[in-house]
Structures are given as structure tokens and as C-alpha cells.
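In the UniProt record's numbering, the protein residues as written are 1 to 826. Have a look at the structure below, then the notes.
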Amino acid sequence: MTEQVAQRQAYDPAAAQQKWQKFWEQNQTFAPLDDGSKERRYVLDMFPYPSGDLHMGHAEAFVMGDVVARNLRQRGYDVLHPIGWDSFGLPAENAAIKHGKSPAEWTYANIETQANSFKRYGLSLDWNRRLHTSDPEYYHWTQWLFLRFRERGLAYRKDSAVNWCPNDQTVLANEQVVNGRCERCGAVVTKRKLNQWYFKITEYADRLLDDMQGLEGRWPDRVLAMQRNWIGRSQGAYVDFTITGRDEPVTVFTTRPDTLYGATFFVVAPDADLAEEIVTAEQRPEFEEYLEKTKQTNEIERQSTEREKTGVFLGVHATNPVNGEQLPVYAADYVLADYGTGAVMAVPAHDQRDLDFAKAFDLPVRRVVDTGEADPAETFVATAGDGRYVNSEALEGLANKTDGVAKIVDLLAARGTGREAITYRLRDWLLSRQRFWGCPIPIIHCPVDGEVPVPDDQLPVRLPDLRGADLRPKGTSPLAGPEATEWREVECPTCGGPATRDTDTMDTFVDSSWYFFRYCSPQDTEGPFEVADVRRWMPVFQYVGGVEHAILHLLYMRFFTKVLHDMGMVDFVEPMERLLNQGQVINEGKAMSKSLGNGVDLGAQIDEYGVDAIRTTVVFAGPPEDDIDWADVSPSATVRFLQRAYRVAQDVTSEVGTDPAGGDVALRRTTHQTLADIGNLLDAQRFNVVVARLMELVNATRKAIDGEVGGADPAVREAAEAITIGLSLFAPYVTEEMWEILGHQPSVADAGWPAVDESLLVQESVTCVVQVQGKVRAKLEVAPDSTDEQLEQAALADPGVQRALNGREVRKVIVRAPKLVSIVPA
């Protein structure tokens, strides 16, 4: 043993990384067989964006998916684990402008940097399926899908007030506005009226909501809750109000039509078309001044309950359809234009914002539901609960909300002034962007034929080469500028006359809403994917990514999948069976940033500690969904652990294939119990605990080697091989070295998961503690299945217990089989 220890060499991370990267690439180690010989599993990481080299966030996000992929591979599945880049978008375009380069040059350079770092990081990826959404071979099919959606009435153009980022000079979907600011650059978002392209995602609102039942228990609860809240299905009624001087009634939606008798005024969003239409000439100057102030306020501020209520009377009245009362109509910014019709009936006694407005403008407050609380007219605290109806004519005396709503809806329906309804918070997906670096919208505008789709045989509509052009945001796309005139001016495919291409590009969330299908057929030239390929691999078994995409990306990809299902292209309605959200890597309690000076460079960490140590440290730091504070972890301690594991493999001296049955029983029990435990832990995605259990097995094996058992015992080889295979999920380089040292052919990724010997999990005996008056008087080795009676008899017969009793009678015996007997003497 002494001679062997002297010859041992420490593990060299840098040499191992170079050696095994080359081996994996040459042998296509992680390319799936796809021949039907094994059951298939598809593991997918959320699309990386090529913003620069990999950072600490990537270190956590991608190692989690790799653990899942490697575990499934070890368990005998044929695993598809692809990689690609979500390579269109504003950040790349803005960075390219800043550095004086073309977006394509900037983007593809970053992709190569990231690709090399991904390979260095030891991820078990299939590089043969690599794709980039900015490749014409990819966005050809993004355009093709857009046209199929349009044929089904799911892509359309309309004038509307949209979210406008003044910094990036482009529109934003509702989901891309966070706390009133652009989620990319942080600028305060304003409103602008533009003609834009939309996807009709609202047509799928019910299915997007109801199909989540099948994701319960497999997607995080908070993600499902966030999606349900965003879709926001509400049940209530549409109610028609007649407005002074307007022929057509104005319809509002309310979830509480039973409170109609409490409506004392009517409110319209100042930026809604209705307000502009109904305001009287006398009130117009005051209204227009108020409208300009409203445009300078974001939606978060407008809906704040803390903000003082403001508004302006529009000079007209609305007729309450249940009692004929004339309600003054106000424009007030706490009502939003894109909520329903942009108008609401105001019931101040039972809605706090309405009550605050009523107080500010000295408007009546009429309680119509007696909840047992004080009258809101006196307290100025709205009561939103249920109770007995008062001041409500047709509902007077009722005390059940369901009955009240049903009766008022029937009354409205009989008069032709209302009906039962369901509405949604969800709005159609705004996909137009006034920027260059995105997928061109394949529509041609003809003065004769209107909107004309680009024929399929003319796809893709490629972006023009605008190198050297001024791409700075100007409010319209660079494709609408003089540099793109030749690209823009074309013949109409229908009449042959002069026409122009659409100059907007698509939101990059369109690109990432279907990329997982393309991975199944990345080289297909006849369609976005081969239907048969998708049926073999999908749905995705495990999806991994950040919770920040809980609404945006996940909702859009679910919508795309349902449309493709309706087109007959896929035979499932949910693309991802399971979802794992990883946390963030922070430092010193705060998100890493250059301004705070607390950034940690991933490349420098790898140079210092090695890939294996960084990967294992990230996993060991806590459950995948928790944030990791890099200030609290210790890669150097992980290095010592990995070296310790490596030395275990070096100290095995038994031959490959030696039957472990004759080896040390205690170590074999520890090995198989560990294997059983980590199998369950991997299924539960408690990867950090798996690492902890492997550390315990390394310690037990080290103790056996250094003690009486020795490195020649077959149980030591069995334990070392189990350590190597288990640890390979986290530390791929050192375990490839260990597997080779143990005499096996590479790769350890193909080793297969060790079988658990169930007989070694059965305990032959357990220690039963016997107490007399609370003091331990004996410890008995008993069978695990001993009965209460057997344990009581054994305890009372023990000499130590007899001495403690000293002839006293026993008043009570408490048994907690098989580990405790407590004796209480008289």
C-alpha cells in the first residue's frame, strides 16, 4: 500500500479537461442513437442568448439540465440534449451599434465564444443539432409558421395604443413591461398609437388555462399560479349603458353585476377612443390637457392605490339600465384603455378606488350590500364582501351572492341590456418590432391588393446587408430607411404592380416559441420539422430554466404548441412534461453587477479551481430552485473532496469484474444504501443532497481502505465504481479519469447505473435503547421487526434493567418499536 500511495499523482483538472473534450467530440459521445433500441428522453435547457461569454448564472442553469441528462443516460435511456442560440434581438443590435459592428458580426462572434465555453464546461450536449434563430435556414420556417397562423386568422394587424420604449424606440408586449419599465433596458414605458401585428393568443385562453391541470405536480406551483393570474379568467356580466348623444350603448364588464344599484358615476379611460368620442366641446380643452398628463404616466402608477385620484368630467351622462339613474361620466386615469372597453361602472361603496374618486369629487356613495361593517359613506373604507342586499329594488332582501348575480343577469337579459360573460386579463400578443435585427415579417403591402403574403417558394425573406448603415433607433425600423430601399420595394405577388415589404420584424419570443421542435429535425428543408421526428422525441421530458420566463416564454410556447396541434403537426397539447426552475447566483446578498463591483468571473473561477469543482460547488450549494450566494460557498473545499474521491479510485487493487459478493459486508451495505438513496433523491431533484451522500460514501470507502479492509477487497472496488458513476453527473472530467484508472473503457457516461441489491438494504439488527425512569440502563441488539411484546420481555430480562429496578414493581412500560423501551417503576 505504501509503494502505491507514493506513486499516486494528484488529479490535474486542466489536462483532464483538454483530454476528455477531445474524446467526447471525436467519439460523438453524447449524440443520441435514435434507432429505437432504447426508450427516448428529451432534456432541454432554455435557449441561451449570445450576449457575451458564459457567466455564473449560466454555470448554475446549465449544470442542472446536464445532471438530468447524464442521469437519464446512465439509466439506459437514449437522451436528446441539444444546444442552440436565441440569436436575434435588441441586446445584440444595441451592442453592435455601440461597438460599431454589424449585428450579425457581433452575434456570431459571441456565439462562438459561448460555444467554446459550453464545451469546456463539460456539458453532455449533442452538437450536431446546433441551431441559431438568426440563420435564414431557421427563420425561413418562422416566417412559414407566421403565414400559417395568418391563414387560420391568428395573425392580424390593427391600430392600437401600444407600449413604447423611448430608449429602444420599439413597441413592447404587455409582458415585456415590468413595473412600468422596459424589461430589457429599464426605460419608463409610454403609450403610442401604431398599426401593429398581433397573434390572437386570446382565442386559446381557455385551453391555456384548463390544460394546466395536466401539469400539476410536474411544473412548479408558482409558475402555474403566475400563468393563471396572467390569463386572468373572470366570470361576470356585460352591461349596456346608454351615453348622452351616442346612438350605440357602451358595454362594460363587471364581476359584480349584483351591485348595479350602487353605481353612482361612470368612468372612461382618458386614452380610450370612447373618451375622445363622447367629450363635449365645452369640456374638450380640459379633457385634452388631462389626456396629455395621462400619457406621461405609466400603468403601474395609474393603478396604484396610494395615488391621489384625478379626473375630468366629460359633460355627458350614462343611464343605469336597472333603475334609469343618470350617472355623470368622467375620464380618470385609474381606468385603463385596454381593459375591456376602457369604461367601468363605479360603485364606490364596494370598490376602494371608486370610493377614493368619489371622495375627491364629492360624488354619492350608496351601500347596496350590507356586510355587517360600517357604512363606507361614513368611513370611506369600501366593503367588498358578501351580505344582505339593501337599496337594491329587485334584489332587496336576498342574502346570497349567487342568487343575486343570477337574478340581476336575468333582469338585464330580459330588458336586452346585459348578458352573462367571461373575460380575460390576457391580451393578444403584440409581435411587431421597429428594429432591424429580427425575423422579417413576410407580408407585402400593395395599394391594389392590400396585405399580400409572400409566396412559400419565395421564403425566406432575408434581411438585407446593411453593414455600415446607421441602425440607431429612430422610431421606425431601419428597414424603412433609404439604405433598405432596394430590399423594400418589390412587385406585388398578386397583381405584379409596385408594392413594399413590411418593414417591422418579429418579437424574438416568436423565434423561441418553436425552437424545441426544430431540434428534432434541424436539417429539414421541407418544413419546420419532420412530424415523425417530433413524435419520436416529444413532448420534452425535462425543461430547465429561470422562473423569470414563467409568463413570457412559457405561455407563448404553449400557445404555439396548441396551434400546431390544431394544424395536425403534433399529437400533444403541452410541449414540456416537466419544468425545473433554477435560482440565481448572487454575491454578498445581492445580484451580481459591474456597478456594485460584486461580479464573479466564471472563466477565472474555472481557471483557478477547474470545471468539476465549479459544477459540483454550484450543485452542492442548495436545492436547484434556491439562490446561491457565491460568498458563502467554497470551491476550494470541493477541490479537496474531488481529490479525495480520485485517490479512492487509485487505491483499488482488485481486478475489473471481481465479484463483490465476498467483500466487506458493512461497506457493501453502505454502498447499496447510498445508491438506493441517491436514486430517489435524483428523481426528487434534490441534487445537493446527492452530492452529500456521495461525500459520505467516499469517507466510508476511505476508512475501509485505510483500515482492515484494504484496497484489494472487492467491496472497495464496488464502492469506488459507484462513487465514480454517481459523481459523473456533476464532475465529468475527474470521473472519466477515475473510470479509466479503475480499468474500464471510456466513457463513464455509458457505464450504466449500478443495480441495487435489495438484500443489502435489509438491516439484520437495530439498537433498542432501554430507559428506567428516563435514564438509559441497557442497549439491546434486536431484530427490526420485533413486536412490542418481545421488546418488553427482552428489556425486563436485561440484568442492567433488573439492577435499576431493584425489586420494585413495574407500573408502566412504553414501547416505541424497535428503538425504544421506557420503563416506569411503581
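In this text, a Cβ means the ideal position worked out from N, Cα and C, and glycines have one as well.
Residue i and residue j closer than 8 Å at C-beta
i	j	result
residue 472	residue 479	no
residue 200	residue 156	yes
residue 649	residue 720	yes
residue 809	residue 799	no
residue 181	residue 173	no
residue 220	residue 688	no
residue 714	residue 759	no
residue 316	residue 259	no
residue 336	residue 275	no
residue 345	residue 223	no
residue 150	residue 528	no
residue 120	residue 82	no
residue 383	residue 396	no
residue 538	residue 438	no
residue 147	residue 203	no
residue 508	residue 135	no
residue 354	residue 369	no
residue 213	residue 555	no
residue 422	residue 234	yes
residue 483	residue 463	no
residue 741	residue 694	no
residue 333	residue 297	yes
residue 701	residue 716	yes
residue 520	residue 534	yes
residue 731	residue 612	yes
residue 795	residue 780	yes
residue 696	residue 660	no
residue 394	residue 367	no
residue 729	residue 71	yes
Residues bridged to residue i (per DSSP)
i	result
residue 445	451, 500
residue 546	582
residue 132	85
residue 313	330
residue 40	78
residue 487	Residue 487 is not bridged to any residue.
residue 194	160
residue 318	243, 327
residue 775	772
residue 540	576
residue 815	821
For residue j and residue i, believed in contact at Cβ under 8 Å, the rounded distance
i	j	result
residue 460	residue 140	4 Å
residue 117	residue 53	6 Å
residue 651	residue 705	5 Å
residue 20	residue 733	5 Å
residue 821	residue 791	5 Å
residue 645	residue 633	About 18 Å separates the two Cβ atoms, so there is no contact after all.
residue 323	residue 389	Not really, about 14 Å apart at Cβ, beyond 8 Å.
residue 198	residue 403	At roughly 40 Å, the Cβ-Cβ gap does not stay under 8 Å, so residue 198 and residue 403 are not in contact.
residue 628	residue 618	7 Å
residue 415	residue 321	7 Å
residue 257	residue 418	7 Å
residue 605	residue 170	36 Å between Cβ atoms; not a contact.
residue 330	residue 311	5 Å
Near the ligand HEM: residue i beta-carbon under 7 Å from a heavy atom
i	result
residue 44	For the ligand HEM, the structure offers nothing, since it holds no ligand at all.
Touching by the beta-carbon criterion (3+ pairs, under 8 Å), the region 286-293 and the region 359-373 | With a cut-off of 8 Å, the region 359-373 and the region 286-293 do not count as touching, because too few Cβ pairs lie within range.
Runs of beta strand (DSSP E) lying entirely within the UniProt domain "Methionyl/Leucyl tRNA synthetase" (46-187), each at least 3 residues, in chain order = Within the UniProt domain "Methionyl/Leucyl tRNA synthetase" (46-187), the complete beta strand (DSSP E) segments of 3 residues or longer fall at 78-80, 82-85, 126-132, 155-165, 170-172, listed in chain order.
In the region 207-283, which residue ranges form an unbroken alpha helix (DSSP H) of at least 4 residues, counting only runs that do not cross its ends?
-> Listed in chain order, they are 221-231, 273-278.
Within the region 720-770, note down every full alpha helix (DSSP H) run reaching 4 residues or more, in order along the chain.
-> Within the region 720-770, the complete alpha helix (DSSP H) runs of at least 4 residues are 732-741.
Would the region 674-687 and the region 765-775 be scored as touching if the rule is three or more Cβ pairs under 8 Å?
-> Short answer: they don't touch.
Output the residue ranges of the beta strand (DSSP E) runs that lie fully inside the region 376-444 and measure 3 residues or longer, sorted by chain position.
-> Secondary structure in the region 376-444: the beta strand (DSSP E) runs of 3 residues or longer, each lying completely within the stretch, are 418-423 in chain order.
What alpha helix (DSSP H) runs, 4 residues minimum, are completely inside the region 548-634?
-> The alpha helix (DSSP H) runs lying completely inside the region 548-634 and spanning 4 residues or more are 552-566, 602-609, 611-620, given in chain order.
Does the pairing of the region 98-113 with the region 29-39 give three or more beta-carbon distances under 8 Å?
-> For the pair of segments examined, the region 98-113 was found not to touch the region 29-39: the number of CB pairs separated by less than 8 Å stays below three.
Segments assigned alpha helix (DSSP H), at least 4 residues, entirely inside the region 674-729 | With a minimum length of 4 residues, the continuous alpha helix (DSSP H) runs that stay inside the region 674-729 are 687-706, 714-727.
Any chance you could list the beta strand (DSSP E) runs of at least 3 consecutive residues sitting entirely within the region 341-378, in chain order?
-> Listed in chain order, the complete beta strand (DSSP E) runs (minimum 3 residues) inside the region 341-378 are 343-346.
For the 8 Å Cβ check, are there 3 or more pairs between the region 596-611 and the region 564-581?
-> Verdict: no, contact absent.
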